[in-house]
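S.K.: Below is a structure I'd like to ask you about.
Number of protein chains: 2
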Amino acid sequence: MVAAVAANCVIGVDLGGTKMLAAAVDESLGVHHRAQRPSGDLPLAELLDRLAELVEEAAAEAPGEVLGVGFGIPAIINRPEGIVAASPHLPLEGVRFQALMAERLDRPVVIDNDGNCTMLAEWRHGVARGASDALMITVGTGIGGGIVANGEMVRGSTGGGAEIGHMVIDIDGPPCRCPGHGHYEWYASGRAIGRAGEDAAERNPDSALGQAQAAGQEITGALVTEFAHDGDEDSIAAIALVGERLGLGMVSLVNIFNPEVIAIGGGAVAAGDLLLGPAREVVETQALPSMRSAVRIVPAEFGADAGLIGAATLAFEELPPK
Amino acid sequence: MVAAVAANCVIGVDLGGTKMLAAAVDESLGVHHRAQRPSGDLPLAELLDRLAELVEEAAAEAPGEVLGVGFGIPAIINRPEGIVAASPHLPLEGVRFQALMAERLDRPVVIDNDGNCTMLAEWRHGVARGASDALMITVGTGIGGGIVANGEMVRGSTGGGAEIGHMVIDIDGPPCRCPGHGHYEWYASGRAIGRAGEDAAERNPDSALGQAQAAGQEITGALVTEFAHDGDEDSIAAIALVGERLGLGMVSLVNIFNPEVIAIGGGAVAAGDLLLGPAREVVETQALPSMRSAVRIVPAEFGADAGLIGAATLAFEELPPK
């Protein structure tokens with residue numbers, strides 16, 4: 030019997046607004062022992078303590094030496110300084126996150142925005158593998174994203190870029206949760222699907238959506254998607270409307286970046302071609318012809334593990350080997 | 030007396046929709062003997078012949094050996110193939126421009142989009158010098174542009190990218206001259222200033238703009254700018270409206286690229302801070318705070334020579350030295 034050789038590992042952490050997920054990931058992308066905790070409503074010190082516990086739990090089960098830890102964070106990161114520049118979901122604004130976690134864990138730490146981590150996962154190992162120019166659009170509660178151009182991640186001068194959810198797509202649109210207004214994520218996120226479903230419920234009180242609303246159910250993107258998969262026409266139309274707007278933002282991105290592939294991730298991917306079909310149709314008819322013919326628009330390969338696999342990939346790439 | 034050493038030169042060509050401009054440019058960026066011809070309304074063979082004449086005229090006056098020729102073209106270029114993919118202004122669509130001109134001239138030739146050439150000029154030698162992340166917005170009849178990220182020009186997978194004039198900024202906006210609608214250049218170009226001036230003329234027939242229109246003058250961006258510099262309030266307001274919309278597109282670009290500098294060129298720069306003041310104000314209040322504080326929004330350094338200097342810079346960088 031030959032003894033298995035212990036593989037080098039890193040810990041990938043996907044820190045979300047409501048939960049934190051970590052796992053040991055080996056160089057072959059094997060994911061070992063996922064650990065999970067709630068992340069919401071904690072003061073800073075407790076949040077960092079809980080993260081440290083989570084990482085050590087994953088590290089204890091790692092099948093080889095742990096080289097370091099990568100964190101994907103739903104925040105704008107100043108990478109040159111290792112600081113969280115803006116954090117709408119967690120009390121991390123202004124926090125020297127990289128240094129604090131490295132100290133607590135006594136391990137090397139790298140950090141990045143969660144959208145960038147997801148892009149990195151899809152670019153190195155998923156549907157954007159081998160592309161010199163690619164985009165990730167994460168359609169969840171909001172819209173996140175990541176960008177590859179000239180075979181490199183594009184993060185901008187202070188590492189805060191790729192906030193594609195905060196493109197203006199409507200000059201007279203409503204305020205965003207950021208200081209802007211008329212932004213992409215208002216029109217094309219999972220929440221937008223819920224809102225389109227609510228509008229349909231109010232227009233047609235006798236419809237499935239109307240009856241659900243009357244019965245006190247919240248009309249969420251997930252519910253509309255469920256109804257649409259069951260064949261409800263109003264729900265299908267609501268998703269198609271949001272898909273068209275998702276496509277309008279893609280028109281901008283295709284004309285700017287001329288990418289080979291746009292990977293679509295996040296919870297709203299559950300709507301499948303009900304969402305992506307109308308989006309592709311808008312790109313096909315409205316993007317500049319020589320560029321639309323160069324791009325594939327496809328669901329991301331990694332689902333719920335995308336964030337932690339991306340964070341782990343970042344750690345493998347940026348931390349020195351032992 | 031010491032003989033001057035002949036400097037290596039290239040020929041930079043700025044091919045526009047109405048005129049073509051060429052000059053010999055030396056390595057110190059000295060511009061020698063500008064030659065110019067009309068470019069509009071020519072069949073392809075005559076257009077190429079005239080370009081060849083123009084280049085040879087400039088080459089004849091060059092103070093040193095001519096290493097090759099760079100062309101900036103108002104078109105979408107497929108750089109890997111050296112083909113013009115789309116050309117709204119000149120009969121170049123599908124033309125193997127690079128190979129044809131190299132053959133006609135018997136000299137090495139490089140080609141790029143005109144917006145990219147302008148970006149290159151500003152990045153290597155102008156207001157974006159030294160930046161790792163920068164943008165060029167050329168506000169003329171339409172809007173052109175160029176992008177630098179991670180210290181490299183961003184042209185996309187087939188070289189057609191950086192078409193920032195064709196970002197969607199209004200989901201219900203009017204058709205563009207491309208297949209899309211609601212695009213940035215409709216709202217924020219020199220032509221948009223003219224349209225805003227026309228609207229003002231119709232609202233106030235007794236105003237300076239109204240009287241000019243009644244007298245048969247065409248209300249162009251240039252005329253509105255002239256009136257605004259003379260203190261006409263309607264003209265100032267028309268430029269401010271377009272400046273705000275110019276700013277809304279910059280909000281998208283700042284949130285996506287997190288650039289250090291945005292250089293503004295093109296004819297509309299004549300409006301100066303009447304245009305850029307309102308644009309900066311929108312960025313200052315609506316872009317993501319950690320990114321807006323990182324960016325300078327400044328007029329481009331090169332004026333009418335930007336295109337040919339950029340084309341010459343491209344030739345120096347991409348052609349092999351002799």
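Residue numbers (our numbering), protein chains in the order written: chain A, 30 to 351; chain B, 30 to 351. All C-beta atoms, glycine included, are put in the ideal place defined by N, C-alpha and C. Please read all numbers here as calculations on a predicted model, not as lab measurements.
#1: Hey, could you find the ends of the beta strand (DSSP E) A/C207 is sitting in?
#2: Please classify A/S319: is it buried, with 16 or more other beta-carbons within 10 angstroms of its beta-carbon, or exposed?
#3: For A/S186, which option in A/D201, A/N107 and A/V39 has the closest C-alpha, if you only look at C-alpha atoms?
#4: With B/I285 and A/E192 assumed to form a contact (beta carbons below 8 Å), what rounded beta-carbon distance in angstroms separates them?
#5: Using CA atoms only, rank isn't needed, just tell me which of B/N179, B/M165, B/L270 and B/A230 is closest to A/I200.
#6: Please list the segments of the alpha helix (DSSP H) lying wholly inside the segment 41-109 of chain B, counting only runs of 4 or more residues, in order along the chain.
#7: By the 8 Å beta-carbon criterion, what residues does the segment 256-274 of chain A contribute toward chain B?
#8: Who are A/A140's beta bridge partners in DSSP?
#9: If I measure Cβ to Cβ from A/P307 and keep anything under 6 Å in the same chain, skipping five residues before and after, which residues do I get?
#10: Would you say B/H195 reaches chain A, if we count a Cβ-Cβ gap shorter than 8 Å as a contact?
#11: Where does the unbroken beta strand (DSSP E) through B/A340 begin, and where does it stop?
#12: How is A/V31 classed by DSSP in three states: helix, strand or coil?
#13: According to DSSP, B/D199 sits in a beta bridge with which residue or residues?
#14: Let me check understanding here. Comparing Cα to Cα, which of A/L58, A/C38, A/S322 and A/Q65 lies closest to A/L50?
#15: Got a sec: is the Cβ-Cβ distance from B/T170 to anything in chain A below 8 Å?
#16: What beta strand (DSSP E) runs, 3 residues minimum, are completely inside the segment 235-309 of chain B?
#17: Three-state secondary structure (DSSP) at A/A178?
#18: If you drop the 5 nearest sequence neighbours on each side, which residues of the same chain put their C-beta closer than 7 Å to that of B/G45?
#19: Given that B/G99 touches chain A, what residues does it touch there, using C-beta distances under 7 Å?
#20: Determine whether the Cβ of A/M49 lies closer than 8 Å to any Cβ atom of chain B.
#21: Starting from A/Q127, find everything on chain B with Cβ-Cβ shorter than 7 Å and list it in chain order.
#22: For the beta strand (DSSP E) containing A/P352, list its first residue and its last residue.
#23: Count the other CB atoms within 10 Å of the CB of B/D78; is the residue buried (16 or more) or exposed (fewer)?
#24: Measuring only between beta-carbons, confirm whether A/D199 sits less than 8 Å from chain B.
#25: Does DSSP put A/R153 in a helix, in a strand, or in coil?
#26: Against chain B, which members of the segment 286-306 of chain A pass a CB distance test of less than 7 Å?
#27: Roughly how many whole angstroms lie between the Cα atoms of A/S116 and A/I105?
#28: Measure the alpha-carbon distance for B/Q127 versus B/P204 and round it to whole angstroms.
#29: Classify B/Q242: buried if its beta carbon has 16 or more other beta carbons within 10 angstroms, exposed otherwise.
#30: Can you give the Cα-Cα distance for A/I198 and A/G171, rounded to whole angstroms?
#31: Check whether the segment 249-264 of chain B touches the segment 219-226 of chain B, taking contact to mean three or more Cβ pairs, one atom from each stretch, closer than 8 Å.
#32: Is it true that the CB of B/V39 sits closer than 8 Å to the CB of B/L337?
#33: Of the residues that make up the segment 97-123 of chain A, which ones have a beta carbon closer than 8 Å to any beta carbon in chain B?
#34: Can you list, in chain order, the residues of its chain whose CB lies under 7 Å from that of B/C207, leaving out five sequence neighbours each side?
#35: For the alpha helix (DSSP H) that B/L222 lies in, which residues bound it at each end?
#36: Quick check: the Cα distance between A/A91 and A/V138, rounded to an integer number of angstroms?
M.R.: For this structure:
#1: Against the first sequence, residue 207 of chain A aligns to sequence position 178. It is not in any beta strand (DSSP E) - A/C207 carries neither H nor E in the DSSP assignment.
#2: If you number the first sequence from 1, residue 319 of chain A lands on position 290. The residue is buried, with at least 16 neighbouring Cβ atoms inside 10 Å.
#3: Along the first sequence, one-based indexing puts residue 186 of chain A at 157. Here the closest residue by C-alpha is A/N107.
#4: One-based indexing of the second sequence puts residue 285 of chain B at position 256. One-based indexing of the first sequence puts residue 192 of chain A at position 163. Going by Cβ atoms, the distance from B/I285 to A/E192 rounds to 7 Å, so yes, they are a contact pair.
#5: Within the first sequence, the letter at position 171 stands for residue 200 of chain A. Here the closest residue by C-alpha is B/L270.
#6: 73-89
#7: R274
#8: Taking the first sequence and counting its residues from 1, the one referred to as residue 140 of chain A is at position 111. The question names Ala, but residue 140 of chain A in the sequence shown is Ile. Partner(s): A/F100.
#9: As a first step, residue 307 of chain A must be located in the first sequence, where it is residue number 278. Cβ within range, chain order: A269, G272 and E273.
#10: For the purposes of this step, residue 195 of chain B is taken as the residue at position 166 of the second sequence. By this cut-off, B/H195 is an interface position.
#11: What you label residue 340 of chain B is simply residue 311 of the second sequence in a count that begins at 1. For B/A340, there is no enclosing beta strand (DSSP E); the residue is found in the alpha helix (DSSP H) stretching over A335 to E347.
#12: Taking the first sequence and counting its residues from 1, one reaches residue 31 of chain A at position 2. Note that A/V31 scores 47 on pLDDT, short of 50, meaning its location in the model is unreliable; the coordinates nonetheless yield the value given after this. Looking at A/V31 - three-state DSSP - the assignment turns out to be coil, as it is neither helix nor strand.
#13: The sequence position of residue 199 of chain B within the second sequence is 170, counting from 1. According to DSSP, which records beta bridges pairwise, B/D199 is partnered with A/D199.
#14: The residue labelled residue 50 of chain A in the question sits at position 21 within the first sequence. Ranking A/L58, A/C38, A/S322 and A/Q65 by Cα distance to A/L50 puts A/Q65 first.
#15: Taking the second sequence and counting its residues from 1, the one referred to as residue 170 of chain B is at position 141. No, no contact with chain A.
#16: 290-294
#17: If you number the first sequence from 1, residue 178 of chain A lands on position 149. Looking at A/A178 - three-state DSSP - the assignment turns out to be strand.
#18: Sequence index remark: in the second sequence, residue 45 of chain B carries index 16 (1-based). Excluding positions up to five away in sequence, the list reads S68 and P103.
#19: Sequence index remark: in the second sequence, residue 99 of chain B carries index 70 (1-based). Per Cβ cutoff of 7 Å: no residues; B/G99 is ~20 Å from chain A at best.
#20: Along the first sequence, read from residue 1 onward, the residue named residue 49 of chain A stands at position 20. Judged by the 8 Å Cβ criterion, A/M49 is not in contact with chain B.
#21: For the purposes of this step, residue 127 of chain A is taken as residue 98 along the first sequence, with counting starting at 1. Within chain B, no residue comes near A/Q127; the closest Cβ sits about 16 Å away, beyond 7 Å.
#22: For residue 352 of chain A there is no data in the structure shown, the boundaries of chain A being 30 and 351.
#23: In the second sequence, the residue the question calls residue 78 of chain B occupies position 49. B/D78 should be labelled exposed.
#24: Counted from its first residue, the first sequence places residue 199 of chain A at position 170. Output row for A/D199: interface = yes.
#25: Taking the first residue of the first sequence as position 1, residue 153 of chain A is located at position 124. It is helical.
#26: F286, N287, P288 and E289
#27: Position 87 of the first sequence, counted from the start, is the residue given in the question as residue 116 of chain A. Position 76 of the first sequence, counted from the start, is the residue given in the question as residue 105 of chain A. Answer to the nearest angstrom: the Cα atoms are 6 Å apart.
#28: Residue numbering aside, residue 127 of chain B sits at position 98 when the second sequence is read from its first letter. Residue numbering aside, residue 204 of chain B sits at position 175 when the second sequence is read from its first letter. The straight-line gap separating the alpha-carbon atoms of B/Q127 and B/P204 is approximately 32 Å.
#29: Position 213 of the second sequence, counting from 1, holds the residue named residue 242 of chain B. Buried, by the Cβ-count rule.
#30: Against the first sequence, residue 198 of chain A aligns to sequence position 169. Against the first sequence, residue 171 of chain A aligns to sequence position 142. If you take the alpha carbons of A/I198 and A/G171, they lie about 15 Å apart.
#31: yes
#32: The residue given as residue 337 of chain B occupies position 308 in the second sequence. The residue given as residue 39 of chain B occupies position 10 in the second sequence. No.
#33: I105, N107, A114 and A115
#34: As a first step, residue 207 of chain B must be located in the second sequence, where it is residue number 178. So the list reads H195, once near-sequence residues are dropped.
#35: In the second sequence, the residue the question calls residue 222 of chain B occupies position 193. The residue asked about is misnamed: residue 222 of chain B is Ile in this sequence, not Leu. Looking at the DSSP string, the run of the alpha helix (DSSP H) that includes B/I222 is G219 to R232.
#36: Here residue 91 of chain A is taken as the residue at index 62 of the first sequence, counted from 1. Here residue 138 of chain A is taken as the residue at index 109 of the first sequence, counted from 1. If you take the alpha carbons of A/A91 and A/V138, they lie about 17 Å apart.
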